[in-house]
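**Q** Protein chains in written order, with the UniProt record's numbering: chain W, 1 to 92; chain E, 1 to 500.
Structure in structure tokens, see below.
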Amino acid sequence: MSLTITNVCVGCYACEPVCPNKAISSGNPVFTIDPDLCTECLGDHDAPQCAEICPIECAIIDEYGESLNPPGSLTGIPVERLHELGLVPDFA
Amino acid sequence: MELPVLSNVYAEPEASESGGCASHSCGSTNDQMGHLPEHIRQKVFDHPCYSEEAHHHFARMHVAVAPACNIQCNYCNRKYDCANESRPGVVSELLSPEQAVKKVLAVGAEIPQLSVLGIAGPGDPLGNPERTFETFRLLQEKAPDIKLCVSTNGLALPELVDEIAKYNIDHVTITINCIDPDVGAQIYPWIYWENKRIRGREGAAILIEQQQKGLQMLTDRGILVKVNSVMIPGVNDKHLAEVSKVVKAKGAFLHNVMPLIAEEEHGTYYGIMHQRGPTHDELNELQDACSGDMNMMRHCRQCRADAVGLLGEDRGEEFSIDLVEEMDIDLEAAAARRAAIKAGITEMLEEQRAAKAAKAATLVQLDLPQTRAVKMAIATTGGGVINQHFGHATEFLVYEVTATAIRFLSHRKVEAYCSGGDTCGEAETALQRTVRTLEGCETVLCAKIGFEPWGMLEAAGVMPNGEHAYEPIEEALRAVYDEMRAAGKLATPAEARMTA
Numbered sequence: 001m002s003l004t005i006t007n008v009c010v011g012c013y014a015c016e017p018v019c020p021n022k023a024i025s026s027g028n029p030v031f032t033i034d035p036d037l038c039t040e041c042l043g044d045h046d047a048p049q050c051a052e053i054c055p056i057e058c059a060i061i062d063e064y065g066e067s068l069n070p071p072g073s074l075t076g077i078p079v080e081r082l083h084e085l086g087l088v089p090d091f092a
Numbered sequence: 001m002e003l004p005v006l007s008n009v010y011a012e013p014e015a016s017e018s019g020g021c022a023s024h025s026c027g028s029t030n031d032q033m034g035h036l037p038e039h040i041r042q043k044v045f046d047h048p049c050y051s052e053e054a055h056h057h058f059a060r061m062h063v064a065v066a067p068a069c070n071i072q073c074n075y076c077n078r079k080y081d082c083a084n085e086s087r088p089g090v091v092s093e094l095l096s097p098e099q100a101v102k103k104v105l106a107v108g109a110e111i112p113q114l115s116v117l118g119i120a121g122p123g124d125p126l127g128n129p130e131r132t133f134e135t136f137r138l139l140q141e142k143a144p145d146i147k148l149c150v151s152t153n154g155l156a157l158p159e160l161v162d163e164i165a166k167y168n169i170d171h172v173t174i175t176i177n178c179i180d181p182d183v184g185a186q187i188y189p190w191i192y193w194e195n196k197r198i199r200g201r202e203g204a205a206i207l208i209e210q211q212q213k214g215l216q217m218l219t220d221r222g223i224l225v226k227v228n229s230v231m232i233p234g235v236n237d238k239h240l241a242e243v244s245k246v247v248k249a250k251g252a253f254l255h256n257v258m259p260l261i262a263e264e265e266h267g268t269y270y271g272i273m274h275q276r277g278p279t280h281d282e283l284n285e286l287q288d289a290c291s292g293d294m295n296m297m298r299h300c301r302q303c304r305a306d307a308v309g310l311l312g313e314d315r316g317e318e319f320s321i322d323l324v325e326e327m328d329i330d331l332e333a334a335a336a337r338r339a340a341i342k343a344g345i346t347e348m349l350e351e352q353r354a355a356k357a358a359k360a361a362t363l364v365q366l367d368l369p370q371t372r373a374v375k376m377a378i379a380t381t382g383g384g385v386i387n388q389h390f391g392h393a394t395e396f397l398v399y400e401v402t403a404t405a406i407r408f409l410s411h412r413k414v415e416a417y418c419s420g421g422d423t424c425g426e427a428e429t430a431l432q433r434t435v436r437t438l439e440g441c442e443t444v445l446c447a448k449i450g451f452e453p454w455g456m457l458e459a460a461g462v463m464p465n466g467e468h469a470y471e472p473i474e475e476a477l478r479a480v481y482d483e484m485r486a487a488g489k490l491a492t493p494a495e496a497r498m499t500a
């Protein structure tokens with residue numbers, strides 16, 4: 001099991017130092033998580049650290065493709081408003 | 001222990017006796033640094049961000065080495081990055097500490113007025129301590145004359161105060177928007193704290209506690225602290241006067257109340273939710289109320305986290321990392337040039353200060369009849385003189401002139417309407433916007449002005465004036481005020497009613 005960083009990552013470096021497994025490396029354009037190293041922080045923390053600090057909605061997904069920080073969850077902007085403005089990302 | 005309030009301790013006794021105007025920077029000089037104790041004044045006289053006088057002459061730069069942030073603010077969008085956008089938190093190019101130092105040395109060779117390097121983001125500098133402190137360490141080895149500043153949201157500040165002291169950073173800016181967690185909950189949706197994202201009031205309470213603790217620890221160590229606050233109408237506007245009192249009591253030497261910048265296209269929470277920013281008048285009123293008029297900062301340009309040059313200008317594009325890598329820099333020669341320039345500007349500022357004090361003294365002695373205050377705008381590209389064409393101005397500095405004093409109020413940003421070429425189709429609307437920006441000013445002084453804007457300004461009640469081109473700002477303002485008085489335009493409202 002491993003988390004994945006999507007193409008909406010802005011490369012802000014916040015996740016890299018907080019990963020207990022040193023699984024995250026910087027990249028251009030987006031950062032990546034080494035699936036062999038990622039434990040989703042089980043045994044280290046209550047919640048995956050990259051997803052706890054990440055400021056970008058939909059940048060981190062689980063193995064089912066579910067976003068750990070779905071649209072509106074970090075900014076508080078109503079999801080309908082994000083849809084109206086075309087700001088719900090098409091992540092992959 | 002009750003801590004001294006800076007404004008009480010250091011107020012000069014004659015401030016309350018000058019009559020007419022109780023506010024101190026409305027007194028004999030408009031030098032806000034005049035209120036500070038000598039050891040602080042010595043530290044900030046060449047700092048363009050802290051001294052209104054210095055900002056006409058000395059340059060600063062920010063290097064974008066700190067991308068990560070440990071909190072979210074409703075006025076910030078971490079996705080945004082646009083070369084044309086000028087506001088805090090926005091950068092074009094992230095640098096490594098080594099690249100950043102190279103860039104500073106290149107700027108310091110090309111722009112010898114450079115006196116300050118700040119690290120201000122685009123995230124929180126103290127949320128990236130290795131990158132931030134490595135930059136400071138490397139620069140101090142190569143160019144020890146350049147002052148170091150860092151700004152922070154304060155969350156990680158208490159644990160890093162000793163580190164800050166170690167690197168000889170003598171200016172720290174903390175952004176403090178509130179001291180009440182209920183207000184904070186409307187500004188900060190979450191913080192990252194002890195391995196958890198903490199939302200709402202609980203997160204805001206932790207942030208506030210850390211900010212206040214960090215502020216006290218810094219001032220206890222004699223490190224200068226400026227506090228930035230973003231004025232958000234309906235959220236913290238009524239609360240900031242209290243914030244000002246508290247941070248001054250803890251020893252902050254300067255409070256900078258800035259207007260919220262929020263447009264829908266920025267993609268921030270406030271922008272999208274149509275939270276408005278304050279008007280010029282609301283901002284000025286709050287700045288007056290906060291300060292008792294001490295130690296307020298009114299010339300802040302809310303620079304990008306990679307800005308380069310004099311305040312109000314940004315020469316960052318000339319120093320992209322590709323260009324910088326190719327430059328060959330003679331460190332010693334560059335340092336010598338900076339020292340010579342600094343000595344020259346310092347001498348000039350001292351002379352100006354003495355001349356101003358002498359002029360103010362004669363004005364008081366003349367016992368002039370009471371005349372009303374006039375707001376005047378000027379166009380300048382720096383150097384402390386009126387030297388910009390009206391149509392090229394991207395901002396105007398607004399001053400309040402009275403019979404005995406000249407006080408800097410604010411800068412007002414505009415789009416330069418005359419950039420030539422393909423923007424001309426929209427010229428009329430841009431010009432109209434510029435004219436509206438000058439609302440409340442009775443005159444605008446510039447180096448030159450075209451026929452068309454002249455007519456529009458006159459129609460809007462703003463008298464254009466190109467007669468004082470290349471004169472020092474304050475001398476020109478004084479001359480215009482005297483002309484207005486001689487022409488009988490300055491009777492106080494009471495007298496005007498009596499004669500009507």
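Here a beta-carbon is modelled for each residue, glycine too, at the ideal position from N, C-alpha and C.
Note that the structure is a prediction, hence the values are computed from the model and not measured.
#1: Could you tell me the alpha carbon to alpha carbon distance between L431 of chain E and G309 of chain E, rounded to whole angstroms?
#2: Identify every run of the alpha helix (DSSP H) within the stretch 436-493 of chain E, keeping only runs that are complete inside it and at least 4 residues long; order them along the chain.
#3: What did DSSP end up calling G421 of chain E once you bin it into helix, strand or coil?
#4: Rounding to the nearest angstrom, what Cα-Cα distance links A469 of chain E and M61 of chain E in this structure?
#5: Provide the residue(s) that pair with H62 of chain E in DSSP beta bridges, ordered along the chain.
#6: Do the CB positions of S14 of chain W and C54 of chain W come within less than 8 Å of each other?
#7: Does S151 of chain E come out as helix, strand or coil in the three-state DSSP assignment?
#8: Please check if any C-beta of chain W sits within less than 8 Å of the C-beta of residue 525 of chain E.
#9: Would you grab the beta carbon distance between L3 of chain W and D62 of chain W for me? Rounded to a whole angstrom, and I think it's under 8 Å.
#10: For V8 of chain W, does the three-state DSSP call read helix, strand or coil?
#11: Ordered along the chain, which non-local residues of its own chain (more than five positions away) have a Cβ less than 6 Å from that of N30 of chain E?
#12: Would you kindly work out how many angstroms separate the C-alpha atoms of G35 of chain W and T381 of chain E, rounded to a whole number?
#13: Exposed or buried, what is P48 of chain E when buried is set at 16 or more other beta-carbons lying within 10 Å of its beta-carbon?
#14: In chain order, what residues of the same chain lie with their CB nearer than 7 Å to the CB of A54 of chain E, ignoring the 5 residues before and after it?
#15: Would you say V10 of chain W faces chain E, with C-beta separation under 8 Å as the test?
#16: Against chain W, which members of the stretch 175-207 of chain E pass a CB distance test of less than 8 Å?
#17: Here's the rule I'm using: 16 or more other beta-carbon atoms within 10 Å means buried, otherwise exposed. How should P112 of chain E be labelled?
#18: If we count the other Cβ atoms within 10 Å of its Cβ and call it buried at 16 or more, is Y64 of chain W buried or exposed?
#19: Quick one: grab the DSSP three-state call for E395 of chain E.
#20: Cβ of T268 of chain E within 8 Å of Cβ of C76 of chain E?
#21: Can you tell me whether P369 of chain E is buried or exposed, with buried defined as 16 or more other CB within 10 angstroms of its CB?
#22: I need the straight-line Cα distance from C21 of chain E to G200 of chain E, nearest angstrom please.
#23: Along chain W, in chain order, which residues have C-beta atoms closer than 8 Å to that of R78 of chain E?
#24: Please name the residue in E:R433, E:T371, E:A373 and E:A403 whose C-alpha comes closest to that of T394 of chain E.
#25: CA-CA distance, A357 of chain E and E350 of chain E?
**A** Considering the structure as presented:
#1: Reading the second sequence from its first residue, position 431 is the one you call residue 431 of chain E. Reading the second sequence from its first residue, position 309 is the one you call residue 309 of chain E. Separation of L431 of chain E and G309 of chain E (C-alpha to C-alpha, rounded to the nearest whole angstrom) is 26 Å.
#2: Counting only runs of 4 or more, we get 451-459 and 473-486.
#3: As a first step, residue 421 of chain E is located in the second sequence; it is residue number 421 there, counting from the start. At G421 of chain E, the pLDDT of 47 sits below 50, so the modelled position is not reliable and the matter cannot be decided from this model.
#4: Against the second sequence, residue 469 of chain E aligns to sequence position 469. Against the second sequence, residue 61 of chain E aligns to sequence position 61. C-alpha separation (whole angstroms): 28 Å.
#5: As a position in the second sequence, residue 62 of chain E is number 62, starting the count at 1. Its beta-bridge partners are E:G118.
#6: Position 14 of the first sequence, counted from the first residue, corresponds to residue 14 of chain W. Position 54 of the first sequence, counted from the first residue, corresponds to residue 54 of chain W. Note that residue 14 of chain W is Ala in the sequence shown here, rather than Ser. In this structure, A14 of chain W sits near C54 of chain W, with a CB-CB distance shorter than 8 Å.
#7: For the purposes of this step, residue 151 of chain E is taken as the residue at position 151 of the second sequence. Note: S151 of chain E maps to strand in three-state DSSP.
#8: Given a span of 1 to 500 for chain E in the structure shown, any question on residue 525 of chain E remains unanswerable.
#9: Your numbering for residue 3 of chain W matches position 3 in the first sequence. Your numbering for residue 62 of chain W matches position 62 in the first sequence. Confirmed, about 6 Å.
#10: On the first sequence, residue 8 of chain W is found 8 positions in, with the first residue counted as 1. V8 of chain W sits in coil when the DSSP states are folded into three classes, being neither helix nor strand.
#11: To locate residue 30 of chain E, count along the second sequence from 1; it is residue 30. Bear in mind that the predicted position of N30 of chain E carries a pLDDT of just 39, short of 50, making it unreliable; the figure below should be weighed with that in mind. The residues are I406, R407 and F408.
#12: The residue given as residue 35 of chain W occupies position 35 in the first sequence. The residue given as residue 381 of chain E occupies position 381 in the second sequence. Note that residue 35 of chain W is Pro in the sequence shown here, rather than Gly. A straight-line Cα-Cα distance of about 54 Å links P35 of chain W and T381 of chain E.
#13: Looking up residue 48 of chain E in the second sequence gives position 48. Residue environment: P48 of chain E is assigned as buried (16 or more neighbouring CB atoms within 10 Å of its CB, all protein chains considered).
#14: Walking along the second sequence from the start, residue 54 of chain E turns up at place 54. A distance below 7 Å between beta-carbons, with the five flanking residues on each side excluded, links A54 of chain E to the following residues of its chain, in chain order: F45, D46, H47 and P48.
#15: For the purposes of this step, residue 10 of chain W is taken as residue 10 along the first sequence, with counting starting at 1. The beta-carbon of V10 of chain W is placed less than 8 Å from the nearest beta-carbon of chain E.
#16: Correct list: P189, W190, Y192, N195, K196 and R197.
#17: Walking along the second sequence from the start, residue 112 of chain E turns up at place 112. Buried: at least 16 other Cβ atoms inside 10 Å.
#18: Locating residue 64 of chain W in the first sequence gives position 64, where the first residue counts as 1. Under this definition Y64 of chain W is an exposed residue.
#19: Start at 1 with the first residue of the second sequence, and residue 395 of chain E comes out as number 395. In this structure, E395 of chain E counts as strand in the three-state DSSP scheme.
#20: As a position in the second sequence, residue 268 of chain E is number 268, starting the count at 1. As a position in the second sequence, residue 76 of chain E is number 76, starting the count at 1. Between T268 of chain E and C76 of chain E, the gap from beta carbon to beta carbon is short of 8 Å.
#21: The sequence position of residue 369 of chain E within the second sequence is 369, counting from 1. Burial call: exposed.
#22: The residue given as residue 21 of chain E occupies position 21 in the second sequence. The residue given as residue 200 of chain E occupies position 200 in the second sequence. Since pLDDT at C21 of chain E reaches only 32, below the 50 mark, its modelled position is unreliable, and no value is offered.
#23: Here residue 78 of chain E corresponds to residue number 78 of the second sequence, with the count starting at 1. Those are V10, C12, P55 and I56, listed as they occur along chain W.
#24: The residue labelled residue 394 of chain E in the question sits at position 394 within the second sequence. Proximity to T394 of chain E across E:R433, E:T371, E:A373 and E:A403 peaks at E:R433, based on C-alpha coordinates.
#25: Residue 357 of chain E sits at position 357 when you count from the first residue of the second sequence. Residue 350 of chain E sits at position 350 when you count from the first residue of the second sequence. Using only the alpha carbons, I get a separation of about 11 Å.
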